[in-house]
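Right, one structure below, let's go through it.
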Amino acid sequence: MKQKAFFKYKTSKILVEIILIIVAIMFLFPLLWMFCASFYDTTQASQYPPRLFPDPISLRSYLYVFSDKRIPRYFLNTFLLTVICVVGTLITASLTAFGFAKLKSRFKNILFFILLSTMMIPSSVTLLPTYTIFSKFGLVNTYWPLIIPSLFGGGAFYIFLLRQFFAAIPNELSEAAIVDGCSWFGVFWKVVFPNAKPALIVVVINQFVYSWNDYFAPMIYLQQPEKYTVSLGISFFKSMYGSMIDVGPMMAVAMLAIVPILILYISCQKYFIEGVVTSGIKG
Amino acid sequence: MKKNRKRNGIYREKDFYIFVGLWIIGFIAFTLIPMGYSLYASFTKWDGVSAPQFNGVQNYIRMFVQDERFWGSLKNTLYYTVVSVPLNIGIALLLAILLNKRLPGTNIFRGIIYAPSVLAGVAVYMGWTYLYGNDTGMINHLLYKIFHIIGPNWLQDANWAMTALIIMNVFTCGSVMLIILAGLQDVPAIYYEAAKLDGASPFKMFIKITMPMLSPVLFYVLIMQVIGALQIFTQPYIMTQGGPMFSTYTFGLHLYNQAFRYYDFGYSCALAWVLFAVIMSISIVIFKSSKLWVFYREDVD
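Chains as they are written, first to last, in our numbering: chain A, 1 to 283; chain B, 1001 to 1301.
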């Protein structure tokens, strides 16, 4: 009897494990295919029926892509833009979050409520007037419309996430520092900032991924191809040489676009997961 | 008491605004004023260059009476939301339950399932466009190889294109899965132990313990997913351009086309406000219904 129960327990475990393995393969499959397709030679790229693994492994797609001078340009543009947005968001979101977590005001609750409700406003409601403002100041076709949001708090999500984290740092610490003659900026910089490293990393990586992948804002605001970001460049390339037949060069560009995020994800997986969980559970 | 007053003395209103001021300025300049202006512009004829011309409720009349693309795109967007959100949450819940068993390799599975959510962007959508190809696409090839099913011409077939987008979206259920998984791990084990002593079946425990304990998390996930789904734009814009035969023409695409293809900014603003109204009303319905199905632990403690 006991043995039977044990056996049943064991089979259900194995069943779950098998299901998870199948699901994992399915979730990996699109990426695996993209990776393989970027190494297809011209014959295999249009072969029917298709074969998954490249045989022979051909580097022609990458050589083709690297011979195009615009590609490094797109990467440099995107990288610089992303770094500026990340730094901007990190500073302004944490300043705002510090105010909401540690300081007091009669209007704090109502302002915090407003902050949270902005998460429900679809961006299309503010899009056209904002576009017109930027256009009036001659900022269309510059990076400013993409950078400016990160200089004013970087979005409710990050402020909320940091506030939750900052609020968990005991008030006694900051109050003691103030009584000792420290300014609030001092408290922010010396007490809260060093104690909130995980949350700050969460903000950095999330904003990095967001800026790197963002498509809509660059598409609206950037017009000259020299200023394009990587995601804009990909759709530009599709219209240029992305025929349905030769997948090679398209997938080579796509892989290059994914690799930075993939490296970041593999090295900081813990923080990615923490970010999702904190925003979900404490929300 | 005295100590308390002394403590309160170190908090001055001014300091709060020094820290939060930047956000307040940004909120006024890039949310509040544009919102007001866009509401006003929705009652005007405006090309984005010259000054808006007031024309009453004409944009709204045009929308409801003349513009068949309005109804079509609204229908497509609602369909996408109604199918895709429950599907994603359901699969995420299932995966979270399996991962919560903490079998060997759980961390690796979790990492793999969440990865597509992080990577989702134009590059991956481009890959899916090829995967969905009719003859050369790997998906149809595998369907035939494994199940002997002849797959549809996914993105080129008006009956299947929306389904293709919905299936692709399932692959981004990882973030929901993580939130639910964290919710599952928050359920005190003692509840299950007590139920087990009373002889409850695993199914009964799931219905009576897991689901109520998970309901606040599901509620949050539902609201956020619905708000996101109603705004879907990039996937159809990149993969189908709204076609074939407008089968994936979403509200976001319609709004974008009115603004940046026809330079009808006034009409586009009106569309945006309708979208906002739809989002608000669906959220309110979910909020109201939450009294029936969302259970907060404080209710018993």
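Don't be surprised by glycine CBs; every beta carbon is placed ideally from N, CA and C.
Small disclaimer: the values here were computed from a predicted structure and weren't measured.
Apart from sequence neighbours up to five positions away, the residues of its chain that approach Ala93/A with a beta-carbon distance below 8 Å are Gly153, Gly154, Gly155, Tyr158, Ile159, Leu162, Val203, ordered along the chain. The beta carbon of Asn195/A does not come within 8 Å of any beta carbon belonging to chain B, so the residue lies off that interface. Take Ser61/A, set aside five residues on each side of it, and the residues of its chain with a beta-carbon closer than 6 Å to its own are Ser38, Gly248, Pro249, Ala252, in chain order. At a cut-off of 8 Å between C-beta atoms, Ser235/A counts as an interface residue with respect to chain B. By the CB criterion at 8 Å, Cys36/A and Pro49/A fall outside the cutoff.
Each residue's CA atom was taken as its position, placing Leu222/A and Tyr228/A some 6 Å apart.
Cβ neighbours of Trp1128/B within its own chain (closer than 6 Å, five residues either side excluded): Met1168. Taking each of Ser1042/B, Thr1136/B, Leu1218/B, Asn1055/B in turn and checking the Cα distance to Ala1096/B, the smallest one comes out for Leu1218/B. Beta-carbon to beta-carbon, Gly186/A and Ala176/A are separated by about 12 Å, too far to satisfy the 8 Å threshold. Shown here, Phe1054/B sits in a strand according to DSSP, grouped into three states. Under the Cβ distance rule, Gly153/A counts among the residues neighbouring chain B, one pair being separated by less than 8 Å.
Per DSSP, reduced to three states, the secondary structure at Lys10/A is helical. Residue environment: Gly1266/B is assigned as buried (16 or more neighbouring CB atoms within 10 Å of its CB, all protein chains considered).
Along the segment 1022-1042 of chain B, going in chain order, the ones with a CB nearer than 8 Å to a CB of chain A are Leu1022, Trp1023, Ile1024, Ile1025, Gly1026, Phe1027, Ala1029, Phe1030, Thr1031, Ile1033, Pro1034, Met1035, Tyr1037, Ser1038, Ala1041. Rounded to the nearest whole angstrom, the C-alpha separation of Leu80/A and Ser1073/B is 37 Å.
Sequence-distant partners of Tyr1249/B (beyond 5 residues in either direction) whose C-beta falls short of 8 Å from its own C-beta, in its chain, are Arg1069, Gly1072, Ser1073, Asn1076, Pro1236, Gly1242, Gly1243.
One thing to note: Leu1155/B has its Cβ within 8 Å of the Cβ of Met1239/B. Around the beta carbon of His1148/B, a 10 Å sphere encloses fewer than 16 other beta carbons of the protein chains shown; the residue is thus reported as exposed. Using a CB distance below 8 Å, the part of the segment 92-106 of chain A facing chain B consists of Thr92, Leu95, Thr96, Phe98, Gly99, Phe100, Leu103, Lys104, Ser105, Arg106, ordered along the chain. Annotation: Gln1066/B is outside any alpha helix (DSSP H) and is labelled neither H nor E by DSSP.
When C-beta distances to chain A are compared with 9 Å, the residues of the segment 1102-1121 of chain B below that value are Leu1103, Pro1104, Gly1105, Thr1106, Asn1107, Ile1108, Phe1109, Arg1110, Gly1111, Ile1112, Ile1113, Tyr1114, Ala1115, Pro1116, Ser1117, Val1118, Leu1119, Ala1120, Gly1121, in chain order. In the three-state reduction of the DSSP assignment, Thr1044/B falls in the strand class. Under a criterion of Cβ atoms nearer than 8 Å, the residues of chain A adjacent to Glu1013/B are, in order, Lys104, Ser105, Arg106. The shortest CA-to-CA distance from Ile1112/B to any of Ala24/A, Thr42/A, Ile91/A, Lys8/A is the one to Ala24/A.
When Cβ-Cβ separations below 8 Å define contact, Ala199/A makes no contact with chain B.
Note that the C-beta distance between Ser231/A and Ala1115/B is not below 8 Å. Think of a sphere of 7 Å around the beta carbon of Ala1259/B: the chain A residues whose beta carbon falls inside it are Leu128, in chain order. Contact between Cys1173/B and Ala1092/B holds: CB atoms are separated by about 4 Å, below the 8 Å threshold. Taking C-beta separations shorter than 7 Å and ignoring five residues to either side along the sequence, the partners of Ile220/A in its chain run Tyr131, following chain order.
Not a single C-beta of chain B is nearer than 8 Å to the C-beta of Asn109/A.
If you check the CB distance, Phe272/A and Ile169/A do not come in under 8 Å. For Asn213/A, the enclosing alpha helix (DSSP H) stretches over residues 197-213. Chain A has no Cβ within less than 8 Å of the Cβ of Gln1053/B. Between Leu128/A and Gly1048/B, the C-beta spacing is below 8 Å. Annotated three-state conformation of Asn1257/B is helix, per DSSP.
For the pair Val1285/B and Ser1268/B, the Cα-to-Cα distance works out to about 26 Å.
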